[in-house]
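What follows is a single structure, written as structure tokens, with notes after it.
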Amino acid sequence: MRVAIKTLGCKINQYDSAVIQERLAAESCSFVPFEDPADVYVINTCTVTDRADWEARQLVRKARRRSPGARVAVTGCYAQVSPEEVSGVPGVDFVVGLNRMDELVRYVKDEGPEAGPAVSVGNPRDERGVGVLGARRFLGRTRAFLKVQEGCNFACSYCIIPTARGRSRSVPPERVLEQVRGLAEEGFTEIVLTGIHLGGYGHDLAPRVSLSELVRRIARSGLIRRLRLSSLDPREVTDELLEVMADSEVICPHLHVCVQAGDDGILKQMRRNYDTAYFARLMARARAKLPRAALGTDVIVGFPGETEAAFGSSLDYLAGLPLTYFHVFPYSVRRGTPAADMAGQVSPAEKKERSRRARELGTRKKHEFYQGQVGRRVSVLVEEPVSGEPGQLKGYSRNYLPVLLAGGPDLVHREVRVRLQQCSRGRLWGEVEC
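Letter by letter, the sequence shown follows residues 10 to 443 of my numbering.
This is the structure we're talking about:
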């Protein structure tokens with residue numbers, strides 16, 4: 010049976026899709042690109058914005074046009090939050106919510122409903138564990154992502170995810186270590202711990218466990234050579250976590266901490282639980298403890314009520330922080346969130362212009378950080394050849410520098426010592442040292 014899987018949204022969705030593929034592979038399914046004819050199309054959706062919902066509906070129509078006789082399953086956050094709306098899209102045969110892996114596999118294997126779309130969606134607030142666990146491989150990647158936490162207890166005014174994924178819940182540390190051991194045995198050199206609200210890890214466990222304790226246990230286990238953390242909220246980057254990172258050669262010196270805005274009024278509108286002064290102090294402590302670390306953040310521009318003056322002060326604030334890079338997102342309306350009904354909605358043209366200005370600042374800061382690394386010796390995990398450039402490879406240093414270097418296929422999936430020689434066109438070039 011030929012199955013095509015398409016993933017929209019965040020790395021958690023990518024992780025979930027990897028688990029779906031692994032489970033279906035165990036049932037003797039083969040896999041084809043989503044653009045090719047298939048027997049079953051699985052669309053793993055996002056619902057963070059109204060546009061994400063629209064993209065999912067478009068994919069259903071494309072799949073049906075491509076293979077009129079195929080079956081189409083829609084899963085993920087859009088299916089979870091709006092199952093009736095999804096089941097009403099022409100061409101949908103099956104709607105399966107989050108944490109319903111067995112139902113999804115059974116549907117793909119069998120013929121499914123004879124008439125009308127079937128819907129299998131539970132209440133995420135009833136969930137007590139992490140239902141999707143155990144991804145073993147991400148095709149074409151040397152790094153493995155390991156989900157250790159699901160759900161979110163926050164109530165940011167722009168976000169629908171707590172409705173989709175429920176309250177925060179964690180994988181017990183013993184099970185996490187089992188997964189780490191399995192990934193290491195398969196040859197992965199680096200593991201990225203991830204979750205919807207990673208910093209909330211362990212608060213629901215008895216006895217309670219902190220993220221700092223978990224990463225310390227993994228680092229000291231000797232199972233893996235490189236451990237990286239995905240994005241965190243500011244209040245959860247504790248002094249203890251910074252100490253653990255600074256004292257370990259296993260934990261990569263890289264933090265992605267989501268500030269979202271550089272103006273206190275906007276942060277209050279967003280219902281974030283910190284202010285700009287707190288975040289600035291945090292970044293200063295992180296830079297002092299981890300002087301060569303990559304420090305990244307997310308920034309939402311054009312949030313309701315953001316005036317030109319507020320945006321300007323936000324840019325000035327971000328320029329003064331020891332950040333390495335930004336991910337910039339123009340605010341996009343999501344029905345069902347408080348922000349969707351707020352006054353002061355910013356025009357699309359203005360959001361586009363502010364996004365451009367914020368990205369320009371982020372590019373300058375990234376270039377400055379890269380330039381400051383030239384001449385240093387770093388450890389690079391080589392991931393893959395550069396497409397269209399024979400003899401060129403690319404990989405990442407421990408502090409999240411993308412590095413290009415000359416070498417053969419024998420270096421792929423290996424960690425090598427590299428001297429950084431130059432920064433050109435936004436890329437770092439290095440030479441492998443014997």
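Just so it is clear, CB atoms sit at the ideal spot from N, CA and C, and this is done for glycine as well. Everything numeric in this text was worked out from a predicted model, so none of it was measured.
Tell me which residue opens and which closes the beta strand (DSSP E) that residue 92 is part of. From DSSP, residue 92 is part of no beta strand (DSSP E) but of the alpha helix (DSSP H) over 92–96.
What separation, rounded to the nearest whole angstrom, lies between the Cα atoms of residue 370 and residue 152? 29 Å
Do you know how far the Cα of residue 273 is from the Cα of residue 299? 27 Å
Could you pull the start and end residues of the beta strand (DSSP E) that residue 424 belongs to? 424–433
Provide the residue(s) that pair with residue 440 in DSSP beta bridges, ordered along the chain. 428
Inter-stretch contact (C-beta, 8 Å, three-pair minimum) for the segment 318–332 and the segment 402–413: no
Apply the 10 Å Cβ neighbour rule to residue 72 and answer buried if 16 or more other Cβ atoms are within range, or exposed otherwise. buried
Using 10 angstroms around the beta-carbon of residue 195, count the other beta-carbons present and answer buried if the total reaches 16, otherwise exposed. exposed
Do you know how far the Cα of residue 305 is from the Cα of residue 148? Only weak support is given to the placement of residue 148: the predicted model assigns it a pLDDT of 47, under 50, and the value that follows is read from those uncertain coordinates. So the two alpha carbons sit approximately 26 Å from each other.
Short Cβ contact (7 Å threshold) for residue 59 with residue 11: no
Could you tell me whether the segment 222–239 touches the segment 179–191, using the rule of 3 or more Cβ pairs below 8 Å? yes
Beta-carbon spacing of residue 389, residue 406 below 7 Å: yes
Thinking residue 101 and residue 92 are a contact (beta carbons under 8 Å), I'd like their distance in whole angstroms, please. At roughly 10 Å, the Cβ-Cβ gap does not stay under 8 Å, so residue 101 and residue 92 are not in contact.
Give me the Cα-Cα distance between residue 451 and residue 44, rounded to the nearest whole angstrom. Outside the displayed span of the chain (10 to 443) sits residue 451, for which this structure offers no information.
Let me know the secondary structure DSSP gives residue 159 once reduced to three states. strand
When DSSP builds the beta bridges, which residues end up paired with residue 164? Its beta-bridge partners do not exist; DSSP assigns none.
What residues match up with residue 401 in a beta bridge as DSSP calls it? 415
What do you reckon, are the CB atoms on residue 97 and residue 131 nearer than 7 Å? no
Evaluate contact between the segment 75–90 and the segment 160–178, counting only Cβ atoms and requiring at least three cross-stretch pairs below 8 Å. yes
Taking Cβ to Cβ, would you say residue 395 is nearer than 7 Å to residue 423? no
Considering only C-alpha positions, which residue in the set 180, 282, 347 is nearest to residue 217? 180
Residue environment, residue 162, which counts as buried when at least 16 other CB atoms sit within 10 Å: exposed
Quick one: what does DSSP say residue 367 is sitting in, helix, strand or coil? helix
Locate the alpha helix (DSSP H) running through residue 169, then write down its first and last residues. Here residue 169 belongs to no alpha helix (DSSP H), and DSSP marks it neither H nor E.
CB residue 207 to CB residue 269, shorter than 7 Å? no
Whole angstroms are fine: how far does the CA of residue 53 sit from the CA of residue 285? 35 Å
Taking the continuous alpha helix (DSSP H) assigned at residue 446, which residues delimit it? One cannot answer for residue 446 here, as it falls past the ends of the chain, which runs 10 to 443.
Which parts of the segment 210–270 are runs of the alpha helix (DSSP H), unbroken and 4 residues or longer, counting only runs that do not cross its ends? 220–230, 248–256
Range of the contiguous beta strand (DSSP E) that encloses residue 22: It is not in any beta strand (DSSP E) - residue 22 instead sits in the alpha helix (DSSP H) that spans 20–34.
Considering only DSSP beta bridges, list what residue 14 is partnered with. 51
Under the three-state reduction of DSSP, which class applies to residue 205: helix, strand or coil? coil
Less than 8 Å between the CB atoms is what I'm expecting for residue 415 and residue 430, so what's the real figure, rounded? So it is not a contact: roughly 11 Å between Cβ atoms.
Considering residue 85, what are the terminal residues of the beta strand (DSSP E) in which it resides? 80–85
Does the separation of the CB atoms of residue 351 and residue 399 fall below 7 Å? no
Between 108, 115, 126, which has its C-alpha nearest residue 135's C-alpha? 108
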